[in-house]
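Taking this note's numbering, the leading residue of the sequence shown gets 123, the next gets one more, and so forth.
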Amino acid sequence: MSVQTPEVEATKAPEPERSLPAVQKTPLITGVVLAVALGAATAAVGGWRMFVLYLLGLAFGLVLFHARFGFTSAWRQLVSVGQGGGLRAHTLMLAVACVLFAPLLAGGVGLGTTPEASVSPLGVSVLVGGFLFGVGMQIGGSCASGTLYNVGGGQTAIVCTLLGFVVGSVLGAWHFAFWTSTLPSAPSVSLATSTPLGYLGAVLLSLAVLGAIALVTVVVERRKRPPRVSRPASATGMLRALRGSWPLWAGAVGLAVLNAVTLVVKGSPWGITSAFALWGSKLARAAGVNVQDWPYWSTPDNAAALNGSVLAHATSVMDLGIILGALLAAAVGGAFVLHRRVPGKVVLGAIIGGVLMGYGARIAYGCNIGAYFAGIASFSLHGWLWAIVAIIGTYVGLKARPLIGLTVPKKTDSSC
123 MSVQTPEVEA
133 TKAPEPERSL
143 PAVQKTPLIT
153 GVVLAVALGA
163 ATAAVGGWRM
173 FVLYLLGLAF
183 GLVLFHARFG
193 FTSAWRQLVS
203 VGQGGGLRAH
213 TLMLAVACVL
223 FAPLLAGGVG
233 LGTTPEASVS
243 PLGVSVLVGG
253 FLFGVGMQIG
263 GSCASGTLYN
273 VGGGQTAIVC
283 TLLGFVVGSV
293 LGAWHFAFWT
303 STLPSAPSVS
313 LATSTPLGYL
323 GAVLLSLAVL
333 GAIALVTVVV
343 ERRKRPPRVS
353 RPASATGMLR
363 ALRGSWPLWA
373 GAVGLAVLNA
383 VTLVVKGSPW
393 GITSAFALWG
403 SKLARAAGVN
413 VQDWPYWSTP
423 DNAAALNGSV
433 LAHATSVMDL
443 GIILGALLAA
453 AVGGAFVLHR
463 RVPGKVVLGA
473 IIGGVLMGYG
483 ARIAYGCNIG
493 AYFAGIASFS
503 LHGWLWAIVA
513 IIGTYVGLKA
523 RPLIGLTVPK
533 KTDSSC
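Here it is as structure tokens:
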């Protein structure tokens, strides 16, 4: 294993002449057994809704892994060498999600629930949290969704990122009131409901901005002429749905559709990191820490989650589904790899990056999924602000990578 982060390694493809690896039976059987067992337990504890959300988590894991859909890598590639393909995939994903979210939110379309947009306040907490997340994902080698699907794919060092994520999330929950209540904060702003635009105007404005961003990435590419990003080997025809890599556009559309379905079933968009705060706080309480006294856990919904089963917590159920969905996808594609030796600097970077991301996500009302993806799809100005400061953090994170022995992609690299 090189000193690069596992996510960087995951984007490197086999040589074109190499055939697709064989299905890995042991990881596949293990994944199927775990998926069935967890699904049965979820249905028994959480009921039909949690079971459906668990299935959606499995689907998210499959799409993320097959498309190798990266948030960390997309921003890193753009900032470091001017490669904009990943960010253009983001704009497609966000555009489709905006078009799907608008009628669902405007019409209150839900499966036994009224969907609520992911709209959060603007304030210092968003500026600091989004920046910390941007720094952390370049040091830790992954984002929130990338952490889960890389863990499922066998990336050993990313387990350290996940542990750091949990620790940082608990610390963020502990300090949540300071960042969101003590420091300056402005009200939530929805382009659809807080302005005269309405949902139609909000969609059109969002599409225009996303289109402009995509155009800028094309201009940047033409000027910098970055290396092409290689893709893993893939089967052909219908088998490609199960074996090998998907084009980024397919992953973008798939994630947008699944997020819209999540909105209908769950009543809120896809999120990830609130589960990390829950898992860590449950462990902390078991160790004697009075986390229930923190303002973060005093709200009715959060208190119920803290006192209830993890299998009755929607985000937790979906996160576990993502890990297992990625495991199944990796095993079928012959891409499940456990790294037995991980350099100490990579482990250190993974933990530090995870802590920064976990802390940043909590105080900024979300991560690359809950704030960036769900926020922009919900027409929240908070999502756009988060994206801007996270990109600034990406630049700083790239500068910090060499301090812990991680390489920075260069123009001569075959992939980023």
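No residue lacks a Cβ here, since even glycine has one placed at the ideal position from N, Cα and C.
Computed from a predicted structure; not experimentally measured.
Run of the beta strand (DSSP E) containing residue i, from where it starts to where it stops
i	result
S307	S307 to S310
G245	P243 to G245
Distance between residue j and residue i (C-alpha atoms, nearest Å)
i	j	result
A472	R198	16 Å
F300	A378	34 Å
P348	G208	13 Å
A372	R362	12 Å
G206	I491	20 Å
A324	V331	11 Å
G230	P318	19 Å
S390	E238	5 Å
N381	P309	25 Å
Y271	S438	14 Å
T164	L400	17 Å
S141	R463	26 Å
Q414	A224	36 Å
A522	K388	38 Å
G551	I485	Not covered by the structure: residue 551. The range shown for the chain is 123 to 538.
G149	V351	One point to set straight first is that residue 149 is Pro, not Gly, in the sequence displayed. When rounded, the distance between both Cα atoms is 28 Å.
7 Å Cβ cutoff met for residue i and residue j
i	j	result
L449	G153	yes
F182	A452	no
W508	G276	no
Q260	T529	no
P243	S316	no
L470	I526	yes
L446	A217	no
F501	A374	no
V281	V273	yes
L370	A211	yes
T194	S267	no
R365	G455	yes
L175	A436	yes
V185	G376	yes
A295	Y418	yes
G402	G262	no
Residue range of the unbroken alpha helix (DSSP H) whose run includes residue i
i	result
I485	G466 to I485
S195	T194 to V203
A181	K147 to A189
V411	Where V411 is concerned, there is no enclosing alpha helix (DSSP H), given that its DSSP letter is neither H nor E.
C265	Where C265 is concerned, there is no enclosing alpha helix (DSSP H), given that its DSSP letter is neither H nor E.
S438	A436 to V454
V518	L503 to A522
T213	G207 to G229
A496	A496 to A499
P422	P422 to N429
Expected contact under 8 Å - CB spacing of residue i and residue j to nearest Å
i	j	result
V511	G256	7 Å
W368	A189	4 Å
G258	G466	Actually they are not in contact, since the Cβ atoms of G258 and G466 sit about 19 Å apart, beyond 8 Å.
G179	M440	4 Å
V241	S303	So it is not a contact: roughly 18 Å between Cβ atoms.
F495	F398	Not confirmed; about 17 Å, so no contact.
K346	G204	3 Å
T278	L460	6 Å
A457	P354	7 Å
Residue i beta carbon near the ligand FAD (any heavy atom closer than 6 Å)
i	result
S500	Among the components modelled here there is no ligand, and therefore nothing to report on the ligand FAD.
Every unbroken alpha helix (DSSP H) inside the segment 360-401 [4 residues or more]: The DSSP assignment places complete alpha helix (DSSP H) segments of no fewer than 4 residues inside the segment 360-401 at 370-388, in order along the chain.
Length-filtered (3 minimum) beta strand (DSSP E) runs lying within the segment 270-325: Those beta strand (DSSP E) runs which fall completely within the segment 270-325 and span 3+ residues are 307-310.
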